[in-house]
Amino acid sequence: VQQSEPAKSEFSIISENGQTVYYKETKKQDSQFKAVFDLSALEDGEYTVRYKTGAALVKRNVAISSGEIEIKSMKTQFDPVFALYGNVLKVSYLNYEQEKLKLLIYDDGELIYNSSLGNEFTFQRGFDLSNLDEGNYDISLASNDEEYWFSVTK
């Protein structure tokens, strides 16, 4: 995988039950990642191979059966952009899989706002936070299998 800007990278293999069976994080920023992995020690089953660098995430599903590896679908995703302008939180996201999105706002771990946002490919919206009291809030943009977090202090 090659990208235009150097960034730290994460590589992981996740089993079908959600267990991380392999994880590696690069120590230095680089614009290229090359590696060969021996998957022969993995048990039969479905796995997701994830490579994250900068704002980009590439996921590929693989199936292992009797030592044979079947490479399945690949998905590419990019992190959303969160920006706070005064009391307006602006969120932009390219929803490649057109999954249903939700925006959740938490105050000290307690859910105080939950909004279904639809499944449009291009999502751009501003949220008025002027009714929130002063404090720290955690905001989540969530789809079926990804969740992105942003913290706001008012």
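Going by the working numbering, the first residue of the sequence shown is number 6, and it counts up by one from there. C-beta atoms are modelled at their ideal positions from N, C-alpha and C, and glycine is treated no differently. Keep in mind it's a predicted model, so treat the numbers as computed, not measured.
Item, Value
"Return the chain-ordered list of same chain residues with a C-beta closer than 6 Å to the C-beta of Lys4, the five sequence neighbours on each side being excluded.", "Any question about residue 4 goes unanswered here, given that the chain covers just 6 to 159."
"If the criterion is Cβ atoms closer than 7 Å, does the pair Leu44 and Ile76 meet it?", "no"
"Excluding the 5 residues preceding and the 5 following Gln131 in the sequence, name in chain order all residues of the same chain whose CB lies nearer than 6 Å to its CB.", "First, the residue type needs correcting, since residue 131 is Gly and not Gln in the sequence shown. So the qualifying residues of the chain are Val93, Lys95."
"Should Asn142 be labelled buried (16 or more other beta-carbon atoms within 10 Å of its own) or exposed?", "The question names Asn, but residue 142 in the sequence shown is Tyr. So Tyr142 ends up on the buried side."
"Alpha carbon to alpha carbon, how far is Val26 from Ile117? Give it in angstroms, no decimals.", "35 Å"
"Answer yes or no: do Pro85 and Leu134 have a C-beta to C-beta separation smaller than 7 Å?", "no"
"Could you pull out every residue in the same chain whose Cβ sits closer than 6 Å to the Cβ of Arg55, ignoring the five residues on either side in sequence?", "Ser17, Lys64"
"In whole angstroms, what is the alpha-carbon distance linking Leu137 and Ser120?", "16 Å"
"Based on Cα-Cα distance, which residue from Lys57, Gly72, Phe87, Ser97 lies nearest to Lys80?", "Lys57"
"What is the residue span of the beta strand (DSSP E) that Glu104 lies within?", "That residue, Glu104, is in no beta strand (DSSP E); it is neither H nor E in DSSP."
"In chain order, what residues of the same chain have a beta carbon less than 8 Å from the beta carbon of Tyr111, not counting five sequence neighbours either side?", "Ile117, Tyr142, Asp143, Ile144, Ser145"
"Is the beta carbon of Tyr90 sitting closer than 7 Å to the one on Val67?", "no"
"For Gln8, does the three-state DSSP call read helix, strand or coil?", "In this predicted model, Gln8 has a pLDDT of only 47, less than 50, meaning its place in the structure is not dependable enough to derive any value."
"Mark Gln82 as exposed unless 16 or more other C-beta atoms lie within 10 angstroms of its C-beta, in which case mark it buried.", "buried"
"Would you mind giving the Cβ-Cβ distance between Glu125 and Asn100, rounded to the nearest angstrom? I have them listed as a contact below 8 Å.", "6 Å"
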